[in-house]
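Residue numbers for the sequence shown, in my numbering: 495 to 814.
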Amino acid sequence: MRKVPNANASALATAKKTSDKETTRETCRTPRARQVAAGWVLSATLTLALGGCSDPEMKFRSRSFAGATDATGAPGATMTTSAANTAFSPHALQQPHPKPVLLCVAPLSQKPELQNGCEVTSLAMLLTAVNRPVDKMTLAKMQPQDPTPLVRDKSGKILKWGNPNRGFVGKVDGYGYGLYHEPAVSLLNHIVPGQAVDLTGQPFSVLTQTVDRGVPVVVWTTATFHPTLSWVTWESPDGPVRATFQEHAVLLVGYDPHFVYVNDPLTGKAAQRLNRSSFIAAWRQLGRQAVTLKRLPVNGSSGEQRVQPEVSPGARIPDA
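Printed below as a string of structure tokens:
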């Protein structure tokens with residue numbers, strides 16, 4: 495989320511301040527899939543127990559993907575397992591079905607130091623997840639910059655500014671915009687040479703497959719996690735830049751058929767549940783930008799633990 499001199503700035507100023515959690519990760523426990531003899535019912539129970547975590551956003555409740563809606567209208571929110579909706583079907587059991595995944599990665603907040611530091615804070619969480627922790631403030635100083643000065647007309651409209659594909663535009667701790675995937679990859683490769691992976695332009699299924707392998711992904715989206723109609727265009731040294739001050743970056747840490755789970759640096763919350771379809775639509779608006787790292791083992795292991803609950807037979811996870 496960018497700092498802008500309007501209602502958006504006021505909303506940002508009142509956002510809840512959450513202190514950074516600099517620990518490397520919490521401990522997850524793997525759930526059990528139960529088979530009930532009467533009626534051959536598969537349980538779709540997912541329980542995430544976090545050592546030392548008290549954040550209610552981090553706790554899942556027992557669900558089955560029945561197709562109901564929650565208060566936001568998102569499908570699949572009412573998920574109670576019963577013989578009626580999970581009755582045994584030999585054909586259904588023969589169909590491959592995806593297993594939702596959730597990675598435990600310690601959350602970080604970009605606030606209060608980095609008003610526009612969602613990108614570097616998300617990168618800091620990514621580096622922590624692969625056992626290469628770097629402080630967000632260090633990353634903010636190291637990130638590529640586009641020093642092109644801001645030029646406005648008499649009405650305040652932005653006429654000229656920098657290119658986020660070249661480096662950070664504006665000030666990360668003041669009035670600024672952000673940076674995109676190319677300079678983010680350069681920053682990661684400076685810290686862990688040759689290990690950055692640019693997933694920009696790939697189908698969303700590639701992002702979820704990366705999470706499934708135990709590595710989270712930094713994703714560019716909007717601060718509302720929905721498509722936005724608020725866009726501006728300015729001239730940069732490289733040509734016109736079309737941008738939205740709703741631009742935001744988060745760390746994708748999990749998914750299931752109806753939701754994605756992100757560590758949001760703006761709120762400082764971990765495993766925040768978001769409507770999958772809306773999130774993908776906003777990600778597309780921001781150019782399908784995503785970056786990650788190759789899995790970097792320490793002493794032969796990356797230390798990641800994954801939660802892989804069973805879901806109802808035949809459930810499908812749609813691609814982008």
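C-beta: ideal position from N, C-alpha, C; glycine also.
Given the structure is predicted, the values throughout are model-derived calculations rather than measurements.
### Query
Do you know how far the Cα of GLY670 is from the Cα of SER548?
For SER548, the predicted model reports a pLDDT of 33, less than 50, meaning its position is unreliable and no value from the coordinates is stated.
### Task
Closer than 6 Å by C-beta to ARG660: which residues in its own chain qualify, once you throw out the five before and the five after it? Chain order, please.
ASP640
### Query
In chain order, what residues of the same chain lie with their CB nearer than 8 Å to the CB of CYS612, ignoring the 5 residues before and after it?
MET495, GLN604, GLY672, HIS742, ALA743, VAL744, PRO759, LEU760
### Query
In angstroms, rounded to a whole number, what distance separates the CA positions of LEU617 and PRO601?
11 Å
### Message
Between which two residues does the beta strand (DSSP E) holding ASN757 run?
### Response
753 to 758
### Message
Could you give the first and the last residue of the continuous alpha helix (DSSP H) run that contains HIS720?
### Response
Careful: HIS720 lies outside any alpha helix (DSSP H) and carries neither H nor E.
### Message
With a threshold of 6 Å on Cβ separation, who are the neighbours of ALA565 within its own chain once the five nearest residues in sequence on each side are excluded?
### Response
Annotation note: pLDDT 33 at ALA565 (below 50); position unreliable, no value reported.
### Query
Does the beta-carbon of LYS635 have 16 or more other beta-carbons within 10 angstroms, so that it is buried, or is it exposed?
exposed
#### Entry: Short Cβ contact (8 Å threshold) for LEU596 with VAL747
yes
### Message
For GLY664 and LEU608, what's the separation of their Cα atoms in angstroms?
### Response
12 Å
### Query
Bridge partners of ASN769, per DSSP?
Note: ASN769 sits in a beta bridge opposite PHE753.
### Query
Are the beta-carbon atoms of ASN657 and SER724 separated by less than 8 Å?
no
#### Entry: Start-to-end residues for the alpha helix (DSSP H) that takes in THR761
Segment: none, THR761 is in no alpha helix (DSSP H) and carries neither H nor E.
#### Entry: Backbone CA spacing between VAL705 and VAL756 [nearest angstrom]
11 Å
#### Entry: Start-to-end residues for the alpha helix (DSSP H) that takes in VAL679
675 to 685
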